[in-house]
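Visitor: The structure that follows is given in the form of structure tokens.
Numbering (our numbering), first residue to last: 1223 to 1672.
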């Protein structure tokens, strides 16, 4: 009998080991081969432009591993032995002015850059996907620096020291008068947690604005953005010139955040470590909401009488200019002779009934936007759907150290012409921006990066 039970035990152990071995083999992850076939947008598709040497970058959203490839003459880039997973795909094609002019009959003096992106793509099998290359508007005014991440919550100024810097990238004087500046509205949820079954999201996770109440425009997603906040620089038309290679600073609160000050509630506000924050007392403009009806401004939102206030079009329900410290935001600038307050506004597509407290977002045409920069979460696994379409910004940028580390994102230097710095502007913030270790509103050489 003992021999029988011993024999039975051996059989059971052998079976368990066999099952375990089979289970492991079933769980083996096999690498995949994925290729991408490129084409140009409708405006350039018939010109016979080269599809060779397109730079293609894949970023694994779990591991942050980056893979690079270039296309051959057939416009195809192939990635072999790729680990299955979720990826962002970012591609760039640069054509010289002579090459493009010859095909398009244009008179460009600078190289033209095309971009194509696919976000949060599940690559789990051998396949080929298509990407369309587009070129966006390259403006004379560009957003140079965005200090959104804030400074230390204990020793610094948290987010009250935020600012945006706008730069004249041209060779002529540009007037800042009536320039609009604001934040774009879109989905701020982690992309992997979005429930597509709800029916008001695009495949990549952004809002499908065609589903908004009273929306009757099939191009609501491609031809417009929707503003959470909107402000305008005042002026008579030629009151605020920006010289070539110079910039303006728009501050949330235009004070020296290194020094103690009295808040709107009468209490003193100070920082433990002044080196962590910035002096914005010399800013060109500030956003002040203390005089807005229905707003209970933050105590730190004080008015500097020496700095002109931005005109308020829409506060978005905020208590000051507050850019998302995690990077879930998008910033645009534009000009128009019309009054945006009279433009259509819509609720987000998840709203089923408009009531008095429903937030409405002004619809702004993409074709008037001068520049736009998409911000993103530093950590790949926490990233949200892309805020704006490729014609505004084909890529996004973020500070490398994360929130409350005093860092800003800054547009890179492209070249210097007769002493004037020309900033990089390929309509792709992933390529155009880098991180400045300490935000710098001085406009001096220390505020530029290569």
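Think of the CB as a built atom: it goes at the ideal place given N, C-alpha and C, for glycine as much as any other residue.
Helix, strand or coil: which one does DSSP assign to residue 1423?
Guide: Three-state result, residue 1423: strand.
Visitor: Measuring alpha carbon to alpha carbon, tell me which of 1653, 1640, 1417 and 1634 ends up nearest residue 1669.
Guide: The option with the nearest alpha carbon to residue 1669 is 1634.
Visitor: Alpha carbon to alpha carbon, what distance is there between residue 1296 and residue 1337?
Guide: Each residue's alpha carbon lies about 17 angstroms from the other.
Visitor: Cα separation between residue 1416 and residue 1341?
Guide: The alpha-carbon atoms of residue 1416 and residue 1341 are separated by roughly 14 angstroms.
Visitor: Taking 9 angstroms as the threshold (C-beta atoms), are residue 1462 and residue 1513 in contact?
Guide: It is not a contact, given that the beta carbons lie outside the stated cut-off.
Visitor: Can the beta-carbon of residue 1350 be found closer than 9 angstroms to that of residue 1308?
Guide: Against a cut-off of 9 angstroms, the Cβ pair of residue 1308 and residue 1350 comes out as no contact.
Visitor: Under the rule that 16 or more other beta-carbon atoms within 10 Å means buried, what is residue 1607, buried or exposed?
Guide: Residue 1607 should be labelled buried.
Visitor: Just mark residue 1363 as buried or exposed, buried being the case when its beta carbon has 16 or more other beta carbons within 10 Å.
Guide: Result: buried.
Visitor: Which runs of the alpha helix (DSSP H) fall wholly inside the region 1507-1588 and span at least 4 residues, in chain order?
Guide: For the region 1507-1588, not a single whole alpha helix (DSSP H) run of length 4 or above is found.
Visitor: Using the Cβ count rule (16 or more neighbours within 10 Å means buried), how would you classify residue 1667?
Guide: Exposed: under 16 other Cβ atoms inside 10 Å.
Visitor: For residue 1473, which residues of its own chain have a beta-carbon under 6 angstroms away from its beta-carbon, when the five flanking residues on both sides are left out?
Guide: Closer than 6 angstroms at Cβ, skipping near neighbours: 1385, 1502, 1505 and 1508.
Visitor: Looking at C-alpha atoms only, which residue of 1553, 1484 and 1442 is the closest neighbour of residue 1521?
Guide: For the residues 1553, 1484 and 1442, the minimum Cα distance to residue 1521 belongs to 1484.
Visitor: Less than 9 angstroms separating the beta-carbons of residue 1498 and residue 1378?
Guide: Contact: yes.
Visitor: Whose C-alpha, out of 1651, 1526 and 1672, is nearest the C-alpha of residue 1358?
Guide: When each option's Cα is compared against that of residue 1358, the closest is 1651.
Visitor: Taking the alpha helix (DSSP H) that residue 1653 belongs to, which residues open and close that run?
Guide: It spans 1651-1654 - the alpha helix (DSSP H) in which residue 1653 sits, taken as one unbroken run.
Visitor: Our contact map puts residue 1428 next to residue 1630 with C-beta atoms below 8 angstroms; I'd like the distance itself, whole angstroms only.
Guide: Contact doesn't hold; Cβ gap of about 26 angstroms is too wide.
Visitor: Could you work out which residue in 1450, 1254 and 1291 is closest to residue 1347 when comparing CA atoms only?
Guide: Among 1450, 1254 and 1291, the Cα nearest to that of residue 1347 belongs to 1254.
Visitor: In the structure shown, what three-state DSSP assignment does residue 1394 receive?
Guide: It is coil, neither helix nor strand.
Visitor: Can you tell me the Cα-Cα spacing of residue 1373 and residue 1393, whole angstroms?
Guide: Distance between the alpha carbons of residue 1373 and residue 1393 is about 35 angstroms.
Visitor: Hey, how far is the Cα of residue 1400 from the Cα of residue 1476?
Guide: Cα to Cα, the separation comes out at about 20 angstroms.
Visitor: Between 1266, 1276 and 1251, which lies nearest to residue 1258 when the distance is taken from Cα to Cα?
Guide: Nearest C-alpha to residue 1258: 1276.
Visitor: Look up residue 1312 in the DSSP assignment and say whether it is helix, strand or coil.
Guide: Residue 1312 falls in the strand class under three-state DSSP.
Visitor: For residue 1653, collect the residues of the same chain with a Cβ closer than 7 angstroms to its Cβ; drop the 5 residues on either side in sequence, then sort them by chain order.
Guide: 1314 and 1617.
Visitor: Look at the alpha carbon of residue 1442 and the alpha carbon of residue 1481, and state the distance between them as a whole number of angstroms.
Guide: Roughly 46 angstroms separates the two Cα atoms.
Visitor: At the level of alpha carbons, what is the spacing between residue 1568 and residue 1355?
Guide: Answer to the nearest angstrom: the Cα atoms are 30 angstroms apart.
Visitor: What's the call for residue 1487, buried or exposed, on a 16-neighbour Cβ count within 10 Å?
Guide: Under this definition residue 1487 is an exposed residue.
Visitor: State the DSSP-derived secondary structure class of residue 1243, mapped to helix, strand or coil.
Guide: Because the pLDDT of residue 1243 is 44, which lies under 50, any placement of that residue in the model is unreliable, and the number read from its coordinates should be weighed accordingly. Correct three-state label for residue 1243: helix.
Visitor: With distances taken from CA atoms, which of 1544, 1510, 1519 and 1551 is nearest residue 1531?
Guide: Checked all of 1544, 1510, 1519 and 1551; the closest Cα to residue 1531 is 1510.
Visitor: By Cβ distance, which residues of its chain are closer than 7 angstroms to residue 1535, with the 5 residues on each side in sequence left out?
Guide: Excluding residues within five positions, the ones whose Cβ falls inside 7 angstroms are 1452, 1453, 1454, 1562 and 1563.
Visitor: Return yes when the Cβ of residue 1380 is within less than 9 angstroms of the Cβ of residue 1551, no when it is not.
Guide: Contact flag unset, no.
Visitor: Would you mind reading off the limits of the alpha helix (DSSP H) that contains residue 1323?
Guide: That run of the alpha helix (DSSP H) goes 1319-1326.
Visitor: Output the residue ranges of the alpha helix (DSSP H) runs that lie fully inside the region 1342-1386 and measure 4 residues or longer, sorted by chain position.
Guide: None, since the region 1342-1386 contains no complete alpha helix (DSSP H) of that length.
Visitor: Span of the beta strand (DSSP E) holding residue 1590?
Guide: Unbroken run through residue 1590: none, as it is neither H nor E.
Visitor: If we cut at 9 angstroms on Cβ distances, does residue 1623 have a partner in chain D?
Guide: Although the question refers to chain D, the structure presented lacks it and comprises just one protein chain.
Visitor: Compute the Euclidean distance between the alpha carbons of residue 1464 and residue 1448, then round it to the nearest angstrom.
Guide: Taking the straight line from one Cα to the other gives about 27 angstroms.
Visitor: Taking the C-alpha atoms as reference points, what is the distance between residue 1620 and residue 1445?
Guide: The straight-line gap from Cα to Cα measures roughly 25 angstroms.
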